[in-house]
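Below is one structure; the comments refer to it alone.
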Amino acid sequence: MVYIVEVGDFKYYACGICGLLYETEELAVKCEEFCKSHPGMCSVELVKQSVGYIDLSKDHQKVFFKVDPSRKLCCSVFKICRTSVSIYRAC
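Structure follows, in structure tokens:
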């Protein structure tokens, strides 16, 4: 099941298996389906579209973002890193 990650006013979606983070729920669902059918592997195309990942260990709730100037995420990442993060499962 996909995780929803809210950071300030931004909403991201993470694969519930590998933790890759996406801007759309559709991509997170595709990633989860790939992970289920190919255990221990990642789709190169889906990894390219990810904006980061979440730490899925029980001890941490951390979100890590890629800084990719070509996708204009630099400014957003700088802004949202200063706010609280909520991570929960989609129903």
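Position 3 (the sequence shown) corresponds to 2 in numbering that gives the first Met the number 0; numbering is contiguous.
Glycine included, every Cβ here is placed at the ideal spot set by N, Cα and C.
Per the C-alpha coordinates, the member of PHE63, CYS41, GLN48 positioned closest to GLU25 is GLN48. Annotated three-state conformation of GLU5 is strand, per DSSP.
Considered as a whole, the region 16-52 harbours 24-36, 43-48 as its complete alpha helix (DSSP H) runs of no fewer than 4 residues, in chain order. LYS61 sits in coil when the DSSP states are folded into three classes, being neither helix nor strand. One thing to note: VAL4 has its Cβ no nearer than 8 angstroms to the Cβ of VAL28.
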